[in-house]
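Peer 1: There's a structure below that I have some questions on.
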Amino acid sequence: MNKSKIMKRNSLTIIFLVLVISLPGLAQNKPDYSKIDIMLIRGDFKRVIDTCSQILAVDTLNSEIYYKLGLAYQNLLSDDKSFDCFLKSATISPDNNIYNFTVAKSYFTKGKTTRAEPILLKLCAIDSMNWSYAYYLTAIFMQKEKYDESIKIYNRFYKQDSINYVYMDKIGFASLRKGDYDKAIDMFSSSLALNPKNLNAIKNLAYLYSRSSRIDTAIQLLTRGIAIDPTDMDLFARRAALNYSINYSKRALNDYLKILSSGDSSVLYLKRAGIGYSNNLQPKEAIQYLIMAHNKDSTDTEILSFLARNYQKKNDLKNSADCYRKIIQLYKPIAVQLGMTYILLGEILKSDDQNVDAINAYLKSQEFRSDNSVCMTIANIYDEKLKDYTKAIHYYELFLSNEKKSALKSDPEYIESIRKRLESLKKLKQQAK
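Below you can see the structure in the form of structure tokens.
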């Protein structure tokens, strides 16, 4: 074999060896970030941040590292930093569904549903049977009152799994919000048949039955729910409210006492417990709870009214009178405002030449506030607009009479002009006879 052939064969051998050696390197071209994943699992988030930051310093377009860095920040509750990382990862790799979904969830959590919606729509179009995507998209639809769109998506999953009560609950609630109570009742009833301990279905069915004037059925359902979970105070609150609405005071009282004993001292529960004792002719107990309610809300006139009545039942007339005085003081600003509103209404009606209605509004205002100028306004309407001189005379005289008693005196020339007009009207009235 000549020398040139030997050299050519050696060259081919070298090239082959280089390829053999380099192929594993080519196969391992994708970096191994499993150590970072282990750090995340172990909760070593600060180390993850340091490691990812070092990689990004030389590889600024690494979407996977941005994503892992976002997870670390998220676990350290640095929401803004984590979102920035997720957004960069999705921007660099726009076809990665994991990154896009994470961005959509972040927008949703921030309340930016307008930005989350198009991302979720795109994801659902790619994978229409991904419940995670559908869950967030329908949540946005429900917020925007797009109930039909939500139901359409829920039905897609329900047809695939017709014994899944979660989908039934979703369709039922969307139907409830839509106002289709029959459909909602049907779905929640089916859900409850599959899962007799489904408290969500029980609560919604009870609400639907109460709205359909089937109060007794609603109460029975809530009682069933309480037997399933006697620690759920929401069930007691719902049943108490229904019993209270139909004047079953004793039953409502027992539920409100149960809620209060759990540590919830809301003013509504204290108030209704007091009213329950009051209706049960137990003024001492009623006063105890009504005082606690009043201490939490001193502006509630209903509480004060029941307190006054129960003090009176105990012959504590001083405290009863004090309660009524407090009610009067609370109503005073409302009365003044109401009186002023009637005057403003009268001005509008007078401008629209609805003079009789204007007079009625002015007169109504005087039930709430005393204003002598209103007498003059009414007199002017009877005099100039309606030509009813008898009533005009009456209100001119009433104005002058009130003027004598008033501490604030009008301009003497103005008073004199009214007297002259009054005398003129009396003469006209006399001549008409």
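Quick note on numbering: this note's numbering labels position 162 of the sequence shown as 180, and the sequence is numbered without any gaps. Virtual Cβ for every residue (Gly too), placed ideally from N, Cα, C.
1) Can you grab the Cα-Cα spacing for the pair Q306 / G292, in whole Å?
2) According to DSSP, is F386 helix, strand or coil?
3) Short of 7 Å in beta carbon distance, which residues of its chain neighbour Y185, apart from the five on each side in sequence? Order them along the chain.
4) What ranges does the beta strand (DSSP E) occupy inside the region 355-420, keeping only unbroken runs of at least 3 residues that lie completely in it?
5) Indicate the three-state DSSP secondary structure (helix, strand or coil) for M186 in the structure shown.
6) Cα separation between N328 and S388?
7) Out of S316, A270, N313, which has the shortest C-alpha to C-alpha gap to N297?
8) How is G129 classed by DSSP in three states: helix, strand or coil?
9) How about the region 73-89 and the region 49-65: do they share at least three Cβ pairs that are nearer than 8 Å?
10) From the DSSP output, in three-state form, read off T249 for me.
11) Leaving aside the five residues before and after N222 along the sequence, list all residues of the same chain whose C-beta is less than 6 Å from its C-beta, in chain order.
12) Going by DSSP in three states, K215 sits in which element: helix, strand or coil?
13) Is the region 101-121 touching the region 134-145, taking contact as three or more C-beta pairs under 8 Å?
14) Let me confirm a value: I32 is counted as buried when at least 16 other C-beta atoms fall within 10 Å, else exposed. Which label applies?
15) Smallest Cα separation from L260: which of I277, L278, Y225, D250?
16) Could you tell me the alpha carbon to alpha carbon distance between A258 and I352, rounded to whole angstroms?
17) Between the region 387-401 and the region 354-362, can you find at least three pairs of beta-carbon atoms closer than 8 Å?
18) What is the rounded straight-line gap between the Cα of D113 and the Cα of R65?
19) Give the DSSP-derived three-state secondary structure of I264 in the structure shown.
20) Is the CB-CB distance between N216 and S209 below 8 Å?
Peer 2: Considering the structure as presented:
1) The sequence position of residue 306 within the sequence shown is 288, counting from 1. The sequence position of residue 292 within the sequence shown is 274, counting from 1. Spanning the two alpha carbons is a distance of roughly 7 Å.
2) Mapped onto the sequence shown, residue 386 falls at position 368. Looking at F386 - three-state DSSP - the assignment turns out to be coil, as it is neither helix nor strand.
3) Numbered from 1 along the sequence shown, position 167 holds the residue referred to as residue 185. Same-chain partners within the cutoff: Y172, F175, Y176, D179.
4) none
5) In the sequence shown, residue 186 corresponds to position 168, counting from 1. If DSSP states are grouped into helix, strand and coil, M186 belongs with the helices.
6) Here residue 328 refers to the residue found at position 310 when the sequence shown is read from its first residue. Here residue 388 refers to the residue found at position 370 when the sequence shown is read from its first residue. One C-alpha to the other measures close to 34 Å.
7) The residue given as residue 297 occupies position 279 in the sequence shown. Closest option to N297, Cα to Cα, is A270.
8) Taking the sequence shown and counting its residues from 1, one reaches residue 129 at position 111. DSSP places G129 in coil when its eight states are reduced to three.
9) yes
10) Residue 249 sits at position 231 when you count from the first residue of the sequence shown. Three-state DSSP puts T249 in coil, outside helix and strand.
11) Start at 1 with the first residue of the sequence shown, and residue 222 comes out as number 204. Result list for N222: F206, in chain order.
12) Mapped onto the sequence shown, residue 215 falls at position 197. Looking at K215 - three-state DSSP - the assignment turns out to be coil, as it is neither helix nor strand.
13) yes
14) Counting from 1 along the sequence shown, the entry for residue 32 is found at position 14. The predicted position of I32 is uncertain, since its pLDDT is 34 and thus under 50; no value can be drawn from it.
15) Taking the first residue of the sequence shown as 1, we reach residue 260 at position 242. Nearest option by C-alpha distance: Y225.
16) The count along the sequence shown starts at 1 and reaches residue 258 at position 240. The count along the sequence shown starts at 1 and reaches residue 352 at position 334. Their backbone Cα atoms lie some 32 Å apart in a straight line.
17) yes
18) Here the question's residue 113 lines up with position 95 in the sequence shown. Here the question's residue 65 lines up with position 47 in the sequence shown. Computed Cα separation, rounded: 29 Å.
19) Taking the first residue of the sequence shown as position 1, residue 264 is located at position 246. In this structure, I264 counts as coil in the three-state DSSP scheme.
20) The count along the sequence shown starts at 1 and reaches residue 216 at position 198. The count along the sequence shown starts at 1 and reaches residue 209 at position 191. Yes, the Cβ-Cβ distance between N216 and S209 is below 8 Å.
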